[in-house]
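Visitor:
In the numbering used here, the protein residues as written are 40 to 890.
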């Protein structure tokens, strides 16, 4: 081999090596994880390694150990050690010049070395940007009942090779000090942020490439929590479920892509969002006519006087052609996409399974009521698409700094009720925010707390409750499960058979198939988050309702277990009876008493059924109250239903009301302290606002929901109706307004108006009003509610104006095909979808993701 050949080979290898190094460096990120105040660093709950902060900190500043460890703290790192600052302090962290970075700050507002955490007020400035100003982690945590907070910022590229972060105690507070538990700096691609269209102005755009940003919300719509170590591109972002932010009469349907469908990014960088984000979506539902009557709506609280980037992620995994589904996108009632530019996912991407995203800008001005961002999706009719529908896969909201390079918002206000509790010295049980991406406004920090708790429950020690949705701590039912080799879903036959032995019947799968004629579609009487409900016949002539879990639904496992654990131990005239269950060959079925007359809601409005008389409504209300009163007082432990609404009150052939659906119920000895801190579950419109704000569940949360039911019975309208004027959208708010103004008679159902004894109406309305008191402690017990309703019935009977009216013979089938918990109605779930590939087209039937 001559010298020229050797030189050529050497240069070739050198070129290849340099190119490989360039590719490697271009696709990896540089991260710093500083466990502030720790001498050794450590490993966090996600397996990430943290180092001490000393070599990056200028000067000597004391460190301290938290005196108490909240039960939600799964790992000492990075929360139990803190760096304390009595004067201004600076961290200098080496970074790659001209590169954008995420900066995350971790705060656990505990007591440190005798310091009063309520004195901690401070500012944080990084790269010349004010991130926090007069910030109190203690107030924020107390207001939102969190254990700890995480703030995430995105700082643009500059020429410096050092990121300087300054912590400065406030000069406006006595004995003020600053502290921090953890600092994370992660390099991110420069093109992660670009320009976005200004909402309401079709041609206006703002370049965000060089903007200072704070992450306010990051949601995996209709999907599960995604931990930092599972994020794409090594960006260590945290993604949360969107359910707590849905603000509409209907929640739509959770869909999941067919497992055989590959998500193909194409020219879109994979670091934009993890593949899991594009594998789930929230869809309006299969009934086009119904979809035209409502919006998919999400509501987010933010700080006023800032401009925000709203990033929407899309990926179509059912349809294959453009103009099969088009929809309008409105943000704060301003058009982002609409008319001739309506959203068309396939039109944007050109193929199924290919992700995309769109950025929109919205300015939130400081005026009364303008402290939120509302995102609405609605089917577009202009281009006459094949289906009237809309869907969304992911959502992110970022705050842009103002003209003064400021991102700081005000500290949240502590509610009067919470302030009163704190003044009395009651011990607060902080509910974890998990790895929260917390914003400045009071509601902003809700981004993580509500959704992350379920994830953290799963990670606790084996002797701690591991349910992620049922929240029924009777047994640790996941501890003895095994994984199915077919679906990967946990199966629990052995555990459930033991649990229900002697209490309810164990059906074989052949018995279930015989009862439902092999799950014949003609026997379907309802559809819910758990799956379809079939009318069936067992033991030759006994009618039953059989709820069949969707085979691909992870959510169904928890609801299945909870229903059995709950109902196998309860027997009451006004609770729906569980006859038995089947758990065999990847099938999960629950067998109930057949309720021939369907749900209470079906007899109140939007129905062709005969309307109920006032006396019948009173009797149904009393029966429901008896069932709930038994749950609260008659069982071994207090049981909180947590999803009381008119669709969960069923009627048998004799008009006897029975409370149903215990998939969200919570019980246990923990309630003897008055409340349980738990992730918010329930249905919007019925949700106790105190429970929503504080995540502290009591039986009074059921009382609030039942108050909404009482007004629904009286007024025959939905608990939430976004088509009405703003002040009338919420039935609870509007009915209270009318009650207090003395004009309740104006909104009573015309069918019963004038047929109610005045004294009966007064007692009934007062009872409903008391149920809806803002403070749970001021609401009556369910026993008191029951007594008042029975008294109202006596007043009605004594008036002589009421006779027990008769109804037309009750149908023996339900008239609605309701999607559980969202109000969508459609009789044929195999209509109105692309016919190219039915197995993929109907994957939302195969893969609903719970409620």
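Each residue gets a CB set at the ideal place from its N, CA and C atoms; glycine is no exception. Remember, predicted model here, so these are calculated numbers, not experimental data.
(1) Evaluate residue 490 with the Cβ neighbour count: other Cβ atoms within 10 Å of its Cβ, from every protein chain shown; 16 or more gives buried, anything less gives exposed.
(2) Where residue 268 and residue 226 are concerned, what is the direct C-alpha to C-alpha distance, given to the nearest angstrom?
(3) Would you call residue 600 buried or exposed, if buried means 16 or more other Cβ atoms sit within 10 Å of its Cβ?
(4) Do residue 286 and residue 723 count as a contact pair if the criterion is CB distance below 8 angstroms?
(5) Are there 16 or more other CB atoms within 10 angstroms of the CB of residue 213, so buried, or fewer, so exposed?
(6) Tell me, please, which residues DSSP counts as bridged to residue 575.
(7) Report the residue from 420, 179, 836 and 768 whose alpha carbon sits nearest the alpha carbon of residue 800.
(8) For the beta strand (DSSP E) containing residue 72, name the first residue and the last one.
(9) DSSP three-state label for residue 90, please.
(10) Is it buried or exposed for residue 152, if we count other Cβ within 10 angstroms and need 16 for buried?
(11) Taking 7 angstroms as the cut-off, does the CB of residue 135 come closer than this to any heavy atom belonging to the ligand SAH?
(12) What number of angstroms, rounded off, separates the C-alpha of residue 415 from the C-alpha of residue 757?
(13) Pull the bridge partners of residue 621 from the DSSP assignment, please.
(14) Tell me where the beta strand (DSSP E) around residue 402 begins and ends.
(15) Thinking just about the alpha-carbon of each residue, which of 798, 217 and 308 is nearest to the one in residue 230?
(16) Pick out whichever of 561, 571, 555 and 570 has its Cα sitting closest to the Cα of residue 578.
(17) For the pair the segment 111-129 and the segment 174-189, tell me if three or more CB-CB distances fall below 8 angstroms.
(18) Report yes or no: do the segment 203-212 and the segment 267-283 share at least 3 C-beta pairs separated by less than 8 angstroms?
(19) If you reduce the DSSP assignment to three classes, tell me which class residue 853 lands in.
(20) Looking at the structure shown, is residue 613 part of a helix, part of a strand, or coil, going by DSSP?
(21) In terms of DSSP beta bridges, what is residue 418 paired with?
(22) Kindly indicate the opening and closing residues of the beta strand (DSSP E) around residue 293.
(23) In terms of DSSP beta bridges, what is residue 321 paired with?
(24) Is it true that the CB of residue 828 sits closer than 8 angstroms to the CB of residue 664?
(25) To the nearest angstrom, how far is the alpha carbon of residue 254 from that of residue 364?
(26) Exposed or buried, what is residue 390 when buried is set at 16 or more other beta-carbons lying within 10 Å of its beta-carbon?
(27) Is residue 451 closer than 8 angstroms to residue 169 when the C-beta atoms are compared?
(28) Let's see if you can read the secondary structure: which residues bound the beta strand (DSSP E) around residue 808?
(29) On a Cα-Cα basis, can you pick out the residue from 93, 400, 671 and 694 that is closest to residue 633?
(30) Can you tell which of 195, 434 and 384 has the C-alpha that lies nearest to the C-alpha of residue 313?
(31) Are the beta-carbon atoms belonging to residue 672 and residue 815 less than 8 angstroms from one another?
(32) Going by CA-CA distance only, name the one from 117, 94 and 690 that's closest to residue 616.
(33) Where residue 643 and residue 748 are concerned, what is the direct C-alpha to C-alpha distance, given to the nearest angstrom?
(34) Could you tell me which of 753, 618 and 566 sits nearest to residue 650, measuring between CA atoms?
(35) Tell me the DSSP secondary structure of residue 823 in three-state form.
(36) Residue 728 by DSSP, collapsed to three states: which one?
Guide: So, from the data block:
(1) Model confidence at residue 490 stands at a pLDDT of 36, short of 50, so the residue's coordinates are unreliable; what they give is reported in the following sentence. By the neighbour-count definition (other C-beta atoms within 10 Å, threshold 16), residue 490 is a buried residue.
(2) Roughly 15 angstroms separates the two Cα atoms.
(3) In summary, residue 600 is buried, with 16 or more beta-carbon neighbours lying within 10 Å of its beta-carbon over all protein chains present.
(4) The answer is yes: Cβ separation under 8 angstroms.
(5) The residue is exposed, with fewer than 16 neighbouring Cβ atoms inside 10 Å.
(6) Looking at the DSSP assignment, residue 575 forms a beta bridge with 583.
(7) Ranking 420, 179, 836 and 768 by Cα distance to residue 800 puts 836 first.
(8) Residue range 70-74 is occupied by the beta strand (DSSP E) that includes residue 72.
(9) Three-state DSSP puts residue 90 in a strand.
(10) Answer is exposed; the Cβ neighbour count stays below 16.
(11) The ligand SAH is absent from the structure shown, which contains no ligand whatsoever.
(12) When rounded, the distance between both Cα atoms is 20 angstroms.
(13) Answer is 628.
(14) In the DSSP assignment, residue 402 falls within the beta strand (DSSP E) that extends over 395-403.
(15) Per the C-alpha coordinates, the member of 798, 217 and 308 positioned closest to residue 230 is 308.
(16) Answer by Cα proximity: 555.
(17) Three or more beta-carbon pairs separated by less than 8 angstroms link the segment 111-129 to the segment 174-189, which places the two stretches in contact.
(18) Contact between the segment 203-212 and the segment 267-283 is absent: fewer than 3 CB-CB pairs across the two stretches fall below 8 angstroms.
(19) A caution first: residue 853 carries a pLDDT of 24, below 50, which makes its placement in the model unreliable, though a value can still be read off. In this structure, DSSP gives residue 853 a state outside helix and strand, which the three-state scheme calls coil.
(20) Three-state result, residue 613: coil.
(21) Residue 418 is bridged to 366.
(22) Taken as a continuous stretch (DSSP letters only), the beta strand (DSSP E) holding residue 293 covers 292-295.
(23) Beta bridge pairing from DSSP links residue 321 with 293 and 431.
(24) With respect to the 8 angstroms criterion, residue 664 and residue 828 are classified as neighbours on the basis of their beta carbons.
(25) C-alpha separation (whole angstroms): 31 angstroms.
(26) Residue burial annotation: residue 390 is exposed, with fewer than 16 other C-beta atoms found within 10 angstroms of its C-beta.
(27) No. Outside cutoff.
(28) Per DSSP, residue 808 lies in no beta strand (DSSP E) segment; the continuous alpha helix (DSSP H) that holds it begins and ends at 797-810.
(29) Of the candidates 93, 400, 671 and 694, the residue whose Cα lies closest to the Cα of residue 633 is 694.
(30) A check of alpha carbon separations from residue 313 across 195, 434 and 384 identifies 434 as the nearest.
(31) Residue 815 is positioned such that its CB atom lies no closer than 8 angstroms to that of residue 672.
(32) Per the Cα distances, 690.
(33) If you draw a straight line from the Cα of residue 643 to the Cα of residue 748, it comes to about 11 angstroms.
(34) Cα-wise, what sits closest to residue 650 is 753.
(35) Secondary structure at residue 823: helix, using DSSP grouped into helix, strand and coil.
(36) For residue 728, the three-state secondary structure derived from DSSP is helix.
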